[in-house]
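Be aware that the sequence shown starts at 7, since it is given in the working numbering, and climbs by one per residue.
Every residue gets a Cβ at the ideal spot worked out from N, C-alpha and C, and that includes glycine.
From a predicted model like this one, the values you see are computed outputs, not experimental measurements.
Shown next, in structure tokens, is the structure this report addresses.
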Amino acid sequence: MRLFSNAVVRTFAPRAASSAPALSTPDSNTPASIASDPSESNTDKAPAPTSAPTFDLTQAAPDAILVDGETIVAIGTRAELLDIAAAESSTTAALASAGGVGATTVIPGLEIDEIDCGGQVILPGFVDGHIHSIMYADSLTDLDLSQTKSLAEAVEAIRERADSLPVGTWVVGSGWDLNKWEDPSYPDRELLDAEVPDHPVAMWSLDLHTLWVNAHALEIAGIDSTTDDPSGGSFVHDDDGQLTGLVREDATDLVARFIPEPSREDQAERLATTQELFLSQGLTGIHDFDGISATLGWNDLHEAGRQDMRVTLFLRSPEVPWAIETGWHTGDGDDWLQCGGLKLFSDGALGSHTSHMSSPFPETDGETENFGIAQMTEDELFEQAHIATEAGISVAIHAIGDQANHHVLAVYDRLRETTKAAEEKFGRPLRHRVEHAQFIQPSDVARFAELGVLASMQPRHCISDLHLLHLIDESAQLAAYAWPDLLKAGAHVVFGSDGPVEPANPFAAIYAAMTRADISGDASTTFQPHRRLSAVEAIRLHTQGPAFAAGLEDRRGYLAPGMDADFILVDTDPCVAEGLSVDHPSVAARAAAGVTAEAAPQSSDPTLSQSSADGLLGYASEEALFAHAEAIRDTRVALTVVGGEIRYRA
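Here you go:
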């Protein structure tokens, strides 16, 4: 057994978990998804979001966690847990059978490994609900243009990287954002052709939806001004009909397939390095959207005994026939590698002006009547989603623009009977998702709950997009980054990062949810403060949210006896701060708990300190809110425990 003591334990356990027996242990051989009642169909109204945590900030927190193998045995005081450990000890059992002394007498000889946590805070392990591990691994070695301030500066960085490589080698990078450049105009291949003529160049935009290439790269790909645009993508031309070097959405595949990939061995090493970074930031698991490349990479680490975090793997559309042939079903797998769903794309991204909107983008560089790109029609989305669902594979559809979200919800509505039949056939829920859900038509907010569709969202997108919000037609009155609106409607929300589009650090995501302001802490940049979330609620969406999405809500997402021993030790308490009143119920929290505004009493429950009309979340002032949010943003992780083992130590 292993005892983590001298800590402040924030369990985030739902009220129902408080009645769990101290030594209850679920059958580890029965996946949660199979144990779920298939009559709880995804096609009906989704179960209510996880109820409020049990911990009461007016009472002393538990100070220890006892772990046996990969499972939490008990949570309480050190003295209580030592007694439990003694009662379970083989040494004690042997002495008792021989008529020996009792447990208290033999505590010094217990078979227990005790870790002193130094008074720091234990939280449930965070799970990133949407990340790209292979792209993230590549981003750590490829050229990073995210800090460039102009087109000229970006080209100079590319030239310097090219000079360090053998002639003819691909120069690959990402992170450029024309919206942050001093002259916010689209780049083209003219400067690249002049400065880097002897290397093929491919530079992804920050949102990974546009590729900026030079003539050499286009030549290798066999693309010229007469090449037709593929469905769901485009090659940008100038007024003379010549290629500018910008390639958008699905057209990027026609270039990217020529970029050399690292060997499988090298990719595994890159992934191991990336895993270490994730663990150091408090992630104990991820939902990985990099398809077969991620599947192969994580399988290689798993088979080599080097996988230290839990992974739910998502497919890409071309992989579906293979998945069906090999019997891939959502929820299959083991405790470390789980089969997820199918990722489809409805539209593009805001920064690339390719998110599918109901109102046009402002004219830029001659663009007129640009409503974004519908990468797939509603019928095409339905056809692919139907094939996957019938095969027992859930669906996650990328939708950023409000019109894209509208179409995706219509797809899921059409899919209801198929989903119900598949859930009954495979004996598990198929929890369909919308990835990003950044802009939603007001009438569509409630439909997420009505259809049982999860909203997989990334708080960092809100604050990274602050400089882009002028692109949105205010008259449409869209629900933008509307986490509390969705929660109030009864929908399930899942938080993640979309890394490497955004950094994976979940504490920065909590800051973003709390402030909706620039990462620097500038309160004047706040966007719609009435849609802020409390730290407690944001943490729940980063822990219980992904657990529910994966069908593992009875094993992960909070700390309680019988749950998987996945938790982190940090130097900041997100639940308490100077200037924070816990007696401040909010509209969204009351609705999630099923309490009407009129009937809501004052409460010491910290979850009831979330979104409110004044945007202060129960803090005495804006300054107090930002002070706590910035402290959470800068949190340091001391230990990351996955499956009862210390996988990272600072």
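C-beta atoms of residue i and residue j nearer than 8 Å
{"i": "residue 347", "j": "residue 435", "result": "no"}
{"i": "residue 653", "j": "residue 315", "result": "yes"}
{"i": "residue 284", "j": "residue 227", "result": "no"}
{"i": "residue 291", "j": "residue 317", "result": "yes"}
{"i": "residue 506", "j": "residue 145", "result": "yes"}
{"i": "residue 643", "j": "residue 576", "result": "yes"}
{"i": "residue 131", "j": "residue 572", "result": "yes"}
{"i": "residue 10", "j": "residue 128", "result": "yes"}
{"i": "residue 319", "j": "residue 302", "result": "no"}
{"i": "residue 119", "j": "residue 8", "result": "yes"}
{"i": "residue 365", "j": "residue 482", "result": "yes"}
{"i": "residue 262", "j": "residue 217", "result": "yes"}
{"i": "residue 92", "j": "residue 82", "result": "no"}
{"i": "residue 174", "j": "residue 148", "result": "no"}
{"i": "residue 544", "j": "residue 510", "result": "no"}
{"i": "residue 255", "j": "residue 360", "result": "yes"}
{"i": "residue 584", "j": "residue 630", "result": "yes"}
{"i": "residue 441", "j": "residue 634", "result": "no"}
Assigned secondary structure, residue i (DSSP; H/G/I helix, E/B strand, else coil)
{"i": "residue 517", "result": "helix"}
{"i": "residue 316", "result": "strand"}
{"i": "residue 639", "result": "helix"}
{"i": "residue 488", "result": "coil"}
{"i": "residue 510", "result": "coil"}
{"i": "residue 395", "result": "helix"}
{"i": "residue 209", "result": "strand"}
{"i": "residue 328", "result": "helix"}
{"i": "residue 655", "result": "strand"}
{"i": "residue 156", "result": "coil"}
{"i": "residue 551", "result": "helix"}
{"i": "residue 581", "result": "coil"}
{"i": "residue 2", "result": "As shown, the chain starts at 7 and ends at 656. That puts residue 2 outside it, with no answer to give."}
{"i": "residue 382", "result": "coil"}
{"i": "residue 202", "result": "coil"}
{"i": "residue 591", "result": "Low per-residue confidence applies at residue 591: pLDDT is 44, beneath 50, and the placement is therefore not dependable, though the value from the model is reported in the following sentence. Here residue 591 sits in coil by DSSP."}
{"i": "residue 80", "result": "strand"}
{"i": "residue 117", "result": "coil"}
{"i": "residue 110", "result": "Annotation note: pLDDT 38 at residue 110 (below 50); position unreliable, no value reported."}
{"i": "residue 504", "result": "coil"}
{"i": "residue 134", "result": "strand"}
{"i": "residue 405", "result": "strand"}
{"i": "residue 377", "result": "coil"}
{"i": "residue 497", "result": "coil"}
{"i": "residue 344", "result": "strand"}
{"i": "residue 128", "result": "strand"}
{"i": "residue 7", "result": "coil"}
{"i": "residue 545", "result": "helix"}
Residue i, buried or exposed, once every other Cβ within 10 Å from all chains shown has been counted against 16
{"i": "residue 413", "result": "buried"}
{"i": "residue 425", "result": "buried"}
{"i": "residue 21", "result": "exposed"}
{"i": "residue 328", "result": "exposed"}
{"i": "residue 490", "result": "buried"}
{"i": "residue 526", "result": "exposed"}
{"i": "residue 391", "result": "buried"}
{"i": "residue 143", "result": "buried"}
{"i": "residue 200", "result": "exposed"}
{"i": "residue 206", "result": "buried"}
{"i": "residue 484", "result": "buried"}
{"i": "residue 246", "result": "exposed"}
{"i": "residue 138", "result": "buried"}
{"i": "residue 453", "result": "buried"}
{"i": "residue 457", "result": "buried"}
{"i": "residue 389", "result": "exposed"}
{"i": "residue 432", "result": "buried"}
{"i": "residue 563", "result": "buried"}
Are at least three pairs of beta-carbons, each pair with one atom in the segment 138 to 158 and one in the segment 219 to 228, less than 8 Å apart?
no
Per the contact definition of three or more C-beta pairs closer than 8 Å, is the segment 352 to 369 in contact with the segment 377 to 393?
Flag = yes, the segment 377 to 393 and the segment 352 to 369 touch.
Taking contact to mean at least 3 C-beta pairs separated by less than 8 Å, is the segment 404 to 419 in contact with the segment 434 to 453?
yes
What ranges does the alpha helix (DSSP H) occupy inside the segment 220 to 304, keeping only unbroken runs of at least 4 residues that lie completely in it?
221 to 227, 259 to 262, 270 to 286
Would the segment 331 to 340 count as touching the segment 386 to 401 if we require 3 or more Cβ pairs under 8 Å?
yes
Hey, which unbroken runs of the beta strand (DSSP E) at 3 residues or more fall wholly within the segment 551 to 577?
Those beta strand (DSSP E) runs which fall completely within the segment 551 to 577 and span 3+ residues are 573 to 576.
Of all the alpha helix (DSSP H) runs that stay within the bounds of the segment 154 to 192, which reach a length of 4 or more residues?
157 to 169
Could you pull out every unbroken alpha helix (DSSP H) segment of at least 4 residues lying fully inside the segment 416 to 492, listed in chain order?
422 to 432, 448 to 457, 465 to 470
Contact between the segment 632 to 650 and the segment 508 to 521 (3+ Cβ pairs under 8 Å)
yes
Touch test, the segment 545 to 559 against the segment 495 to 503, Cβ-Cβ under 8 Å, three pairs minimum:
yes
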